[in-house]
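Visitor:
Residue numbers (the numbering used here): 12 to 175.
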């Protein structure tokens, strides 16, 4: 295992790894550049590999350097078997749902879920919202939300989605 995820020592370990070998890198989240999706950090990570396989369905929505960023610099960049299985299941569940069809959408920001919410509203019998984004919808309905997470610039959008 490498003591870091970038740098000269890691590059040396990569060069010494035998064909077909695996090298485990240190956690990328120790770098602030990871969550910021810093292009230079992503390039450093990409330089260590030949291909990119994303098999982390639960974090695939995050635009981080180790997920979205490296995929720009590594070709091929592909979905893994588990990712493909999850996507196939979702496509089937959403395109031909058994009725009644209910969905739950959560997260901190309305802005990152707009397309999903709009698409689901056309298909579901019931849509439940949760997570931090719910406060934008509460405020759009006139409720007080105190200092809760809120996207003021999405209040009108929230109102229009509620009306659907």
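Yeah, the Cβ is synthetic: ideal placement off N, Cα and C, and Gly gets one too.
1) Can you give me the C-alpha to C-alpha distance between residue 68 and residue 169, rounded to a whole angstrom?
2) Excluding the 5 residues preceding and the 5 following residue 111 in the sequence, name in chain order all residues of the same chain whose CB lies nearer than 6 Å to its CB.
3) Tell me, please, which residues DSSP counts as bridged to residue 116.
4) Considering only the beta carbon of each residue, do residue 161 and residue 148 sit closer than 8 Å?
5) What span of residues does the beta strand (DSSP E) with residue 102 cover, start to end?
6) Going by beta carbon distance, what residues of the same chain come within less than 7 Å of residue 93, once the five residues before and after it are set aside?
7) Among residues of its own chain, excluding the 5 on either side of residue 28, which ones have a beta-carbon nearer than 8 Å to its beta-carbon?
8) Give the DSSP-derived three-state secondary structure of residue 135 in the structure shown.
9) From residue 138 to residue 95, what distance separates their C-alpha atoms?
Guide: On the basis of the supplied data:
1) Position 57 of the chain shown, counted from the start, is the residue given in the question as residue 68. Position 158 of the chain shown, counted from the start, is the residue given in the question as residue 169. Between residue 68 and residue 169, the C-alpha separation is close to 27 Å.
2) The residue you call residue 111 lines up with position 100 of the chain shown. So the list reads 136, once near-sequence residues are dropped.
3) For the purposes of this step, residue 116 is taken as the residue at position 105 of the chain shown. DSSP lists 140 as partners of residue 116.
4) Looking up residue 161 in the chain shown gives position 150. Looking up residue 148 in the chain shown gives position 137. Not closer than 8 Å, so no.
5) Within the chain shown, numbered from 1, the residue matching residue 102 stands at position 91. Where residue 102 is concerned, there is no enclosing beta strand (DSSP E), although the alpha helix (DSSP H) it sits in stretches over 92–106.
6) Translated into the one-based positions of the chain shown, residue 93 becomes position 82. The answer, listed in chain order, is 66, 68.
7) For the purposes of this step, residue 28 is identified with residue 17 of the chain shown, where counting begins at 1. So the list reads 34, once near-sequence residues are dropped.
8) In the chain shown, counting from the first residue as 1, residue 135 sits at position 124. Note: residue 135 maps to coil in three-state DSSP.
9) By 1-based counting over the chain shown, the position of residue 138 is 127. By 1-based counting over the chain shown, the position of residue 95 is 84. Approximately 25 Å, taken between the alpha carbons.
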